[in-house]
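In my numbering, the protein residues as written are 35 to 384.
We put the beta carbon where it would ideally sit given N, CA and C, even for glycine.
Predicted model, so just to flag it, every value in this text is computed and none were measured.
Okay, structure first, notes after.
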Amino acid sequence: MPKRVAVIDLGSNSARAVIFERTSRLGFFILAEHKIKIRLGEGAYENGGILTTEAMQKCLLAFKKFKTLVCNYKAKRVLCIGTSALRDAPNGSEFINLVRKQTGITIRKIDGQMEAYLGAYAAQNLLSDFSEGVTLDIGGGSTELAYIKNGRIENKISLNLGTVRLKELFFDRGDTKGLEKYINSAISQVGAEFRTQNLIVMGGSARALSGAVMSLQNHPLKIVHNFSYDYEKYAPFFAKLMSAKTLDLAKFPIKKDRYDTIREGAIIFDKIVRRLGAKKIITSGVGVREGAFLSSILRGANLPRGFNPSLRSLKDRFASEPSEAPKFAKALFCALSPLHGLGEKYIKIL
């Protein structure tokens, strides 16, 4: 396995390239990351899934930028995966060939089951320990769920529910009845085997919602990974967000670049929470990209229990004197205490 690996995730709403660098067999860190909002699925959902020429050209420009990124960082391997918009498109192969011809990057089109698996695989390996839960990945074209128990991914499902899909088919037309009927029909496919108390959310919309809750709590950190909250406590907030007018979205702690699809994401989120009977929401900062990378190095196995590849990477890069690490960690924690506001009990984690 090369030292530097690029992973490109092509979604319906955005494309993101991440450069991972391995520092040891299981240690790694993100060296660079670049996201471009390309809306590959824009205009496709009301036209039989056919990708428009404009959307394909916009996405091609993004891939040319990614190619430059890969070359600049000298990544020796590129893993590129295409999800919902690409698998729905009758002309998806045409676009894949176009990208390969002009950039040399080969896109691997994955089905919904694999998309659900990769997101869950990342969460079960890179989130803090949890014995049971369901991952929820809300994307632009689809939504994936996977049930995890005792380190095993037991059930997976992919639904044709996505923020851009709902926006084009229903929101832009003001068709609230059609929206309700469509969502209820899709969610009815989620059986009792997915019921859980713990819902692990990923994807841009779900993370934006977690970020909003963090703002409401005046949380000292802005890192959503591993952030959790009780859903019912914030259900009134989500209800207001779902019914808000576009001009009123500025009143919510939501980033402006999320305004166009955040209500659709909140509706999908709310419906699934209630379908599953979930109480606790756990936010995952990792997803399909990290899952694809981990899958390439672990070959389906899991990381050792309690192992943190980021900490391993820090040790690989900076801990020339391991015996001194606890002293430096404590000194750094204390020096940064005015910023993070965490109590002394957290020193034990170090």
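Can you tell me whether residue i is buried or exposed, with buried defined as 16 or more other CB within 10 angstroms of its CB?
i	result
Q158	buried
K285	exposed
I296	buried
P343	buried
S222	exposed
K379	exposed
K267	exposed
K201	buried
G340	exposed
A365	exposed
I144	buried
G377	exposed
S219	exposed
K290	exposed
E76	buried
F362	exposed
K392	Examination of residue 392 is not possible in this model, given that the chain is present from 35 through 384 alone.
L370	exposed
G61	buried
A273	exposed
S357	exposed
Are the Cβ atoms of residue i and residue j separated by less than 8 Å?
i	j	result
S46	G174	yes
G179	A150	Residue 179 is actually Leu in this sequence, not Gly. Closer than 8 Å, so yes.
G299	T230	no
N26	S165	For the chain, the structure presents residues 35 to 384; residue 26 sits outside this window and is missing.
T169	G146	no
R309	V224	yes
L94	Q136	yes
F205	Y216	no
R323	V52	yes
D171	G116	no
L250	H374	no
A66	V112	no
Y79	R199	yes
T280	Y265	no
M276	I302	no
A335	P287	no
E227	Y181	yes
Just to confirm my understanding: we take residue i, look at its own chain, exclude 5 residues before and 5 after, and list those with CB closer than 6 Å. What are they?
i	result
G311	R229
C114	I42, I139 and I141
M90	F129
H259	G319
S49	A small correction: the amino acid at residue 49 is Ala; Ser does not occupy that position in the sequence shown. Excluding sequence neighbours, A49 sits near I70, I72 and A96.
S162	N260
D122	G83
L337	N159
L389	The question about residue 389 has no answer, for the chain in this structure spans 35 to 384.
S244	V258, F261 and T317
I234	A157, G167, T169, I316 and S318
Could you give the residue range of the beta strand (DSSP E) that holds residue i?
i	result
E188	R186 to L193
A180	T177 to K183
E378	No beta strand (DSSP E) holds E378; DSSP gives it neither H nor E.
K314	K314 to T317
L60	Here L60 belongs to no beta strand (DSSP E), and DSSP marks it neither H nor E.
V320	Where V320 is concerned, there is no enclosing beta strand (DSSP E), given that its DSSP letter is neither H nor E.
R56	S48 to R56
Just checking residue i against the ligand GTP - is the residue's beta carbon closer than 7 Å to any of the ligand's heavy atoms?
i	result
V307	As presented, the structure is devoid of all ligands, the ligand GTP included, so that no description of it is given.
Please report the residue range of the alpha helix (DSSP H) in which residue i lies.
i	result
K361	A359 to A369
F352	P343 to F352
L44	Segment R38 to L44 is the beta strand (DSSP E) holding L44; no alpha helix (DSSP H) there.
L200	T197 to L203
Leaving aside the five residues before and after residue i along the sequence, list all residues of the same chain whose C-beta is less than 8 Å from its C-beta, in chain order.
i	result
T57	F63, R346, S347, D350 and R351
S262	K314, I315, I316 and T317
Y155	I187, G325, L328 and S329
V307	L233, Y265 and I315
N106	none
Please go through the same chain and pick out, in chain order, the residues whose beta-carbon is closer than 7 Å to the beta-carbon of residue i, but skip the five residues on each side of it.
i	result
G196	S46, S118, G173, G174, G175, S176 and T177
K108	R38
A353	A359
K305	I217 and I221
G321	G153, A156, D171, M236 and G237
E55	K37, R38, F62, F63 and L65
I381	K364 and F367
With a threshold of 8 Å between beta-carbons, can residue i be considered close to chain B, or not?
i	result
I217	Looking for chain B here will not work: only one protein chain is present.
Subject >> Whole beta strand (DSSP E) elements within the stretch 77-122, 3-residue minimum >> reply: 111-116
**OP:** Within the stretch 208-295, note down every full alpha helix (DSSP H) run reaching 4 residues or more, in order along the chain.
**Re:** 210-221, 238-250 and 265-277
Subject >> Contiguous alpha helix (DSSP H) assignments of at least 4 residues, all confined to the stretch 123-182 >> reply: 126-137 and 146-160
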